[in-house]
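There are 2 protein chains.
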Amino acid sequence: MKNRLKLLRAERDWSQGELATRLGISRQSVNAIETGKYDPSLPLAFRIADLFALQIEDIFLRDEEGAGE
Amino acid sequence: MKNRLKLLRAERDWSQGELATRLGISRQSVNAIETGKYDPSLPLAFRIADLFALQIEDIFLRDEEGAGE
DNA sequence: ACATAATGTCAAGTTTCATTGACATAGACG
DNA sequence: CGTCTATGTCAATGAAACTTGACATTATGT
Numbered sequence: 015m016k017n018r019l020k021l022l023r024a025e026r027d028w029s030q031g032e033l034a035t036r037l038g039i040s041r042q043s044v045n046a047i048e049t050g051k052y053d054p055s056l057p058l059a060f061r062i063a064d065l066f067a068l069q070i071e072d073i074f075l076r077d078e079e080g081a082g083e
Numbered sequence: 015m016k017n018r019l020k021l022l023r024a025e026r027d028w029s030q031g032e033l034a035t036r037l038g039i040s041r042q043s044v045n046a047i048e049t050g051k052y053d054p055s056l057p058l059a060f061r062i063a064d065l066f067a068l069q070i071e072d073i074f075l076r077d078e079e080g081a082g083e
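First to last, the sequence lines map onto chains F and P. The number in our numbering is simply the position in the first sequence, starting from 1, with 14 added. The number in our numbering is simply the position in the second sequence, starting from 1, with 14 added.
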């Protein structure tokens, strides 16, 4: 399960700590999700999608998805 | 976090056990998710969405979503 | 060189998700 | 009635997500 978190965060010029605050989670959790240590829970995925005003499917990608282009 | 799992399952005339098999999880997990005991993980939510050929947002709803109509 | 901010990572702990196995209930069918 | 299927629920366990606290690394700026 890949994700575009780091990219979306960079577009807004937010640090991991800033994003963590906006999501109500720890900086380490943001880092762990960005670096692929684990996937967020579904409720957190919704909060992330809401924050960026995107669909969950536009942020989190099934493995292999987007690799074949 | 509400969901339309029970409805989607009924449309296809599947038992909880049948759905569990198709998702590769236990019958109790399907029941727990349907009855709101907990939310699925993000990867499982993707498998569910794939199975029904829907978006995650079309199956799982933020609390209060769809309540005000 | 020094200080600061940002990131990556580790350990140890709690909470949430998911498992198996078991048992109770309700409905349909002989 | 007995039996089979589906569902709901409990306990106990394990795995995954998330926490705080700490420390190392990298980059930026003075």
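Note that the Cβ used here is the ideal one computed from N, Cα and C, for glycine as well. Model, not experiment: these values are computed from the prediction.
Name the DSSP bridge partner or partners of residue i?
i	result
F/Phe74	F/Asn17
P/Ser55	F/Ser55
Using 8 Å as the threshold, is the C-beta distance between residue i and residue j below it?
i	j	result
F/Ser55	P/Ser55	yes
F/Ile73	F/Arg18	yes
F/Leu33	F/Arg23	yes
P/Glu71	F/Gln42	no
Residues of chain P with a CB under 9 Å from the CB of residue i: which are they?
i	result
F/Ala8	Lying outside 15 to 83, the shown extent of chain F, residue 8 of chain F is not represented and no answer is given.
Taking residue i and residue j to be in contact with their CB atoms under 8 Å, please state how far apart those CB atoms are, rounded to whole angstroms.
i	j	result
F/Lys20	F/Asp77	The pair is not a contact, with the Cβ atoms about 17 Å apart (cut-off 8 Å).
P/Ala59	P/Tyr52	At roughly 12 Å, the Cβ-Cβ gap does not stay under 8 Å, so P/Ala59 and P/Tyr52 are not in contact.
In chain F, what lies closer than 7 Å to residue i by C-beta?
i	result
P/Ala46	The premise fails here: P/Ala46 is roughly 14 Å from chain F at the closest Cβ pair, so nothing lies under 7 Å.
P/Ala59	Leu56
Taking Cβ-Cβ distances shorter than 8 Å, what residues in chain F pair up with residue i?
i	result
P/Ser55	Asp53, Ser55, Leu56
List, in order along the chain, the chain P residues whose C-beta lies closer than 7 Å to that of residue i?
i	result
F/Glu71	Gln69, Ile70
F/Arg76	Phe60
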